[in-house]
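Novice:
Chains as they are written, first to last, in the numbering used here: chain A, 1 to 116; chain B, 117 to 232.
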């Protein structure tokens, strides 16, 4: 199993450009999520999904879109990049636990994004 | 609302000392899960432990131990006889099921420096 894969590993954008960060998992996990990590801010949840066709907003959703057409893929789209979106982005997936809630998350290696 | 607080932003200890990382959580749910993750300097996020709200037994794994106390809403992590390889950022996380939409919330992390 490849686990959770993310592409690209590094990306530099100019302000106003759009792009999609790719995330895929091969563990048949229902739960997938995107986080951004900034110095001193920990991991902040951007969007998450509890299954194909279902997405919801996290703490910091503005400027980002997601979709979940398949169980495996959960791309994150930046519609018009801004310098404030310079960050490290992590995708994660998890399986459900009996009785509700979710198991530990498996994280991808991260994408380091710089917006100039 | 759910919240995870890691009040210690940064800790430095000399190798072989014991160190405790604090985690305080807030939730109104009676069923929830708590996690600890490690992020070494290489950047990946590594799962360490999961604990559910009905199991207050402390856990020990080698030099690592966890103290879960529902009365104080805390889930503290102790490293005994610390080693330089323990230097990392450690995150505490909380998972609850809210209206069938689960969220996994992270604290801001504690950066641990183990000095040789």
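Built from N, CA and C at the ideal position, the CB exists for glycine as well.
For the candidate residues 90(A), 19(A), 68(A) and 85(A), whose alpha-carbon lies nearest to that of residue 30(A)?
Specialist: Of the candidates 90(A), 19(A), 68(A) and 85(A), the residue whose Cα lies closest to the Cα of residue 30(A) is 68(A).
Novice: Assess, as a yes-or-no matter, whether the segment 138-151 of chain B is touched by the segment 190-197 of chain B under the definition of 3 or more beta carbon pairs within less than 8 Å.
Specialist: yes
Novice: Could you tell me which residues DSSP puts in a beta bridge with residue 168(B)?
Specialist: 149(B)
Novice: Can you give me, in chain order, the residues of the segment 151-165 of chain B that have a beta carbon less than 7 Å from any beta carbon in chain A?
Specialist: Only 151, 159, 160, 161 and 163 from the segment 151-165 of chain B bring a Cβ to less than 7 Å from some Cβ of chain A.
Novice: Exposed or buried, what is residue 133(B) when buried is set at 16 or more other beta-carbons lying within 10 Å of its beta-carbon?
Specialist: exposed
Novice: Do you know offhand how far residue 146(B)'s Cα is from residue 39(A)'s?
Specialist: 32 Å
Novice: Consider the Cβ of residue 42(A): report whether some Cβ of chain B lies at a distance smaller than 7 Å.
Specialist: yes
Novice: How long is the line joining the alpha carbons of residue 24(A) and residue 115(A), rounded to whole angstroms?
Specialist: 23 Å
Novice: Please work out which residues of its chain come closer than 7 Å, Cβ to Cβ, to residue 65(A), disregarding the five sequence neighbours upstream and downstream, and give them in chain order.
Specialist: 77 and 79
Novice: With a threshold of 8 Å, are at least 3 pairs of Cβ atoms found where one atom belongs to the segment 217-227 of chain B and the other to the segment 202-209 of chain B?
Specialist: By the criterion of at least three beta-carbon pairs nearer than 8 Å, the segment 217-227 of chain B is in contact with the segment 202-209 of chain B.
Novice: Determine which residues share a DSSP beta bridge with residue 50(A) and list them.
Specialist: Looking at the DSSP assignment, residue 50(A) forms no beta bridge with any residue, so it has no partner.
Novice: Considering Cα atoms alone, identify which of 27(A), 9(A), 15(A) and 81(A) is closest to residue 94(A).
Specialist: 27(A)
Novice: Taking the alpha carbon of residue 3(A) as the point to measure from, which residue in 86(A), 105(A) and 112(A) has its own alpha carbon closest?
Specialist: 105(A)
Novice: Starting from the Cα of residue 59(A), find the closest Cα among 47(A), 109(A) and 21(A) and give me that residue.
Specialist: Out of 47(A), 109(A) and 21(A), 47(A) has the C-alpha closest to the C-alpha of residue 59(A).
Novice: Is the shortest distance between the beta-carbon of residue 222(B) and the beta-carbons of chain A less than 7 Å?
Specialist: Yes, contact with chain A.
Novice: Sorted by chain position, which residues of the same chain lie with C-beta nearer than 8 Å to residue 186(B)'s C-beta, five sequence neighbours on each side aside?
Specialist: 169 and 172
Novice: Applying a beta-carbon distance threshold of less than 7 Å, which residues of chain A neighbour residue 207(B)?
Specialist: 42 and 43
Novice: How about residue 119(A) and residue 20(A): do their beta carbons lie closer than 7 Å?
Specialist: Residue 119(A) lies beyond the residue range present for chain A, which begins at 1 and ends at 116; the question has no answer from this structure.
Novice: Mind listing the chain A neighbours of residue 119(B)? Cutoff is C-beta to C-beta under 7 Å, in chain order.
Specialist: The premise fails here: residue 119(B) is roughly 11 Å from chain A at the closest Cβ pair, so nothing lies under 7 Å.
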